[in-house]
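Numbering (our numbering), first residue to last: 1 to 347.
One structure is given below, encoded as structure tokens.
Written out as structure tokens, the structure is:
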């Protein structure tokens with residue numbers, strides 16, 4: 001089998017892929033991890049070095065990742081998303097066994113966890129195993145999560161970064177956006193459709209205008225995920241063709257965004273975007289981990305199984321007016337951070 005773990009801005013996931021006859025074993029291991037974990041310097045300090053090395057490899061040695069980190073810190077003035085999930089290196093170096101134990105004792109409780117089992121199993125069998133392994137674990141109080149509110153933004157953030165590791169310039173912008181859990185959440189479904197209209201297909205607005213018609217960009221993209229406890233971001237990015245100035249590329253992106261905000265989107269654009277998104281959601285169910293991740297994420301951020309099941313219908317109910325309202329609410333300059341990544345010429 002395989003096992004691993006990862007942490008997002010809002011939750012931590014432990015996951016295993018095992019043979020059916022090993023489900024009893026791994027559920028016992030997870031129950032033990034929840035209350036019986038033994039931590040000392042011989043365990044914690046080497047793992048701290050591992051994540052320090054991971055930071056060096058994935059962020060410090062990757063100009064694009066560094067730019068993303070700086071953009072997020074610039075966009076979120078006060079909210080916890082200002083701090084990268086992996087942490088700042090100088091703070092990571094100061095963490096030790098006492099910190100790990102304190103966090104473990106605060107948060108690792110059965111009433112603060114979600115168990116997802118996907119595969120060739122029967123619900124009654126899974127329930128029996130869950131009651132056997134997790135039933136004896138007593139619920140206990142956990143701290144209230146400290147969530148800092150984001151203050152009003154009064155000025156856009158603009159960053160330029162140069163690196164000898166950069167071969168191709170790139171441009172990106174992120175806007176402060178609502179999520180399912182925070183802000184003007186009524187726009188969450190329309191913003192998903194907006195991202196698809198902007199850059200979800202070869203015939204999308206940005207690809208058609210910047211790549212095919214004007215020949216300014218090699219690639220374009222847009223991204224938005226509402227699955228967060230706090231505010232999130234709506235992003236647009238583009239890579240210029242050789243000898244195309246970043247300023248010209250940015251002006252072309254802005255022109256397309258302004259055209260959308262001024263004139264809205266066509267019903268056929270919305271219909272095609274929704275059709276692609278609903279099809280993608282169906283395809284995601286073909287994998288073992290896809291449905292488990294979708295359900296686990298939803299439950300971890302306070303959503304329900306009903307919300308998961310209703311997603312296709314709610315996306316299907318989005319109208320052109322909804323998309324326009326969402327775009328006008330979110331694509332606001334003062335709530336944005338723009339990053340330009342450039343090659344640094346060395347002599």
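All C-beta atoms, glycine included, are put in the ideal place defined by N, C-alpha and C.
Please read these numbers as outputs of a predicted model, since none were measured by experiment.
| Item | Value |
| --- | --- |
| Beta-carbon gap between residue 320 and residue 162 smaller than 8 Å | no |
| Alpha-carbon spacing of residue 308 relative to residue 62, whole angstroms | 35 Å |
| Residues that residue 6 bridges to, as DSSP identifies them | 13 |
| Rounded separation between residue 132 and residue 25 - CA only | 12 Å |
| 6 Å Cβ shell around residue 153 - same chain, five flanking residues per side excluded | 334, 335 |
| Whether residue 74 touches residue 159 by CB criterion (8 Å) | yes |
| Proximity winner among 247, 196, 118, 157, relative to residue 279 (alpha-carbon distances) | 196 |
| CA-to-CA distance, residue 66 to residue 165, given in whole angstroms | 12 Å |
| Simplified DSSP state of residue 301, which is helix, strand or coil | coil |
| Separation of residue 340 from residue 244, as counted between CA atoms | 14 Å |
| Nearest candidate by alpha-carbon position, reference residue 190, set 128, 223, 70 | 223 |
| CA-to-CA distance, residue 18 to residue 122, given in whole angstroms | 16 Å |
| Within the stretch 148 to 216, ranges of the alpha helix (DSSP H) (whole runs, at least 4 residues) | 188 to 199 |
| Residues bridged to residue 336 [DSSP beta-bridge criterion] | 175 |
| Cβ neighbour criterion (16 or more within 10 Å) applied to residue 179 | buried |
| Residue 233 - partner residues in DSSP beta bridges | 176 |
| Within 8 Å, strictly: CB atoms of residue 302 and residue 181 | yes |
| Endpoints, the alpha helix (DSSP H) within which residue 283 is located | 267 to 284 |
| Sequence-distant residues of its chain with Cβ nearer than 6 Å to residue 322 (five each side left out) | 190 |
| Distance between residue 330 and residue 260 (C-alpha atoms, nearest Å) | 12 Å |
| Residue 168, buried or exposed, once every other Cβ within 10 Å from all chains shown has been counted against 16 | exposed |
| Cβ contact check for the stretch 92 to 99 and the stretch 46 to 60: 3 or more pairs under 8 Å | yes |
| Cβ-Cβ distance between residue 299 and residue 119 below 8 Å | no |
| Endpoints, the alpha helix (DSSP H) within which residue 107 is located | 97 to 107 |
| Touch test, the stretch 77 to 86 against the stretch 236 to 254, Cβ-Cβ under 8 Å, three pairs minimum | no |
| Identity of the residue in 214, 194, 171, 23 nearest residue 267 by Cα | 194 |
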